Amino acid sequence: MRRMGVSALLAVSLALGLVGRASAHRLDEYLQATLIGVTRDGIEVEIQLTPGVRMLPVLMAVIDQDRDGRISSSEETAYVGRVAREVELRVDGVPAPLSLIESDFPTLEAMREGLGTIRMKLRTARSGHVLRFENRHLPQISAYLVNCLAAPPDGLVVSDGLVVKRQERDEAQRSIEFEYSFGAGALPGPRAAWIALGPFWPAAIGIPLVVRMAVLIYRAIHDKRAYKSSLVKSL
3 MRRMGVSALL AVSLALGLVG RASAHRLDEY LQATLIGVTR DGIEVEIQLT
53 PGVRMLPVLM AVIDQDRDGR ISSSEETAYV GRVAREVELR VDGVPAPLSL
103 IESDFPTLEA MREGLGTIRM KLRTARSGHV LRFENRHLPQ ISAYLVNCLA
153 APPDGLVVSD GLVVKRQERD EAQRSIEFEY SFGAGALPGP RAAWIALGPF
203 WPAAIGIPLV VRMAVLIYRA IHDKRAYKSS LVKSL
């Protein structure tokens, strides 16, 4: 009972932290939120990319290569591949290549309203003791969030015997580094494939919701600054 209570509290704290950061993002930013799950079998990285309303023309210039105003399946594949190449995961100081598990694109209508989120999940079978992740995708226009899904206080044992030590992020939250280990007596359970399916999953689900809330707030209060078309040339 006590374990469940602590897990629920941690999930709420993580979600509230994301709310605080997301509410500070503007319509002229590209929000890239990354969630990292660590298990005995490997590491999974889920990235959610939400363009602000004013960022859609910039993003379309990157994705819509034939300039027909639509996003084809081949253009989706090419863009997801670009994102995957521009993020880096290292385990114990060694590059750990990430393979795409799945991806999902919203409709253009949803993105025009600032509510569309591109989702992709990557995985590596490699595991170790020190993890470092960095996102280098479109830094000219982006705001970043990064978290470990099992984000406990230092030394707390969570699902599957995982112990996560102090997490270090850069100021922009493009990168995160932390040490982790697994308790010797713990055995992998049915949820070992993805920590997000455990008690921390509510925090992951909350990201699209807080992004939508931030967008609605800024629709009402954000000033109408001129859009800088020069950003397109810098991508």
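Going by my numbering, the letters in the sequence shown line up with residues 3 to 237, in that order.
Don't be surprised by glycine CBs; every beta carbon is placed ideally from N, CA and C.
Computed from a predicted model, the values in this text were never measured in an experiment.
Alpha helix (DSSP H) segment containing residue i, residue limits
i    : result
T119 : Where T119 is concerned, there is no enclosing alpha helix (DSSP H), given that its DSSP letter is neither H nor E.
P59  : L58 to I65
S177 : Note, S177: premise wrong, no alpha helix (DSSP H); beta strand (DSSP E) at S177 to F184.
L110 : L110 to R114
Selection from the options that minimises the alpha carbon distance to residue i
i    : options                   : result
R42  : S101, P97, T126 and S75   : T126
G39  : G185, V165, Q175 and R176 : V165
S183 : Q175, R171, S129 and E170 : S129
I45  : R92, A80 and R69          : R92
Q169 : G185, N149 and G163       : N149
A63  : L140, S105, R87 and A112  : L140
R114 : R84, R171 and G71         : G71
Short Cβ contact (8 Å threshold) for residue i with residue j
i    : j    : result
I73  : L110 : yes
I49  : M122 : yes
V89  : R138 : yes
R66  : E77  : According to the sequence as given, residue 66 is Asp; it is not Arg. Cβ distance < 8 Å, so D66 and E77 count as in contact.
L151 : T36  : no
F135 : V47  : yes
7 Å CB neighbourhood of residue i in its chain, flanking five on each side removed
i    : result
E181 : H131, V132 and K167
M57  : D30, E31, Y32 and I143
I103 : K123, L124 and R125
P99  : T126
L61  : Y32 and P53
K171 : The sequence given here has Arg at residue 171, not Lys. V148, S177 and I178, listed in sequence order.
Cβ-based neighbour list, residue i, same chain, cut-off 6 Å, excluding 5 preceding and 5 following
i    : result
L51  : Q34 and I120
V55  : L29 and G116
Q175 : Y146, L147 and V148
S105 : V82 and M122
A112 : G118
Unbroken beta strand (DSSP E) run spanning residue i, endpoints
i    : result
T52  : G44 to P53
R138 : Segment: none, R138 is in no beta strand (DSSP E) and carries neither H nor E.
S74  : No beta strand (DSSP E) holds S74; DSSP gives it neither H nor E.
G163 : Where G163 is concerned, there is no enclosing beta strand (DSSP E), given that its DSSP letter is neither H nor E.
L33  : Y32 to T41
S129 : Careful: S129 lies outside any beta strand (DSSP E) and carries neither H nor E.
L147 : S144 to C150
Bridge-paired residues (DSSP) for residue i
i    : result
V82  : DSSP lists no partner for V82.
L91  : F135
E173 : Looking at the DSSP assignment, E173 forms no beta bridge with any residue, so it has no partner.
P97  : R92
D68  : In the DSSP output, where bridge partners are listed per residue, D68 has none listed.
L102 : L124
Same chain only: Cβ atoms within 8 Å of residue i, ignoring 5 sequence neighbours per side
i    : result
S101 : L124, R125 and T126
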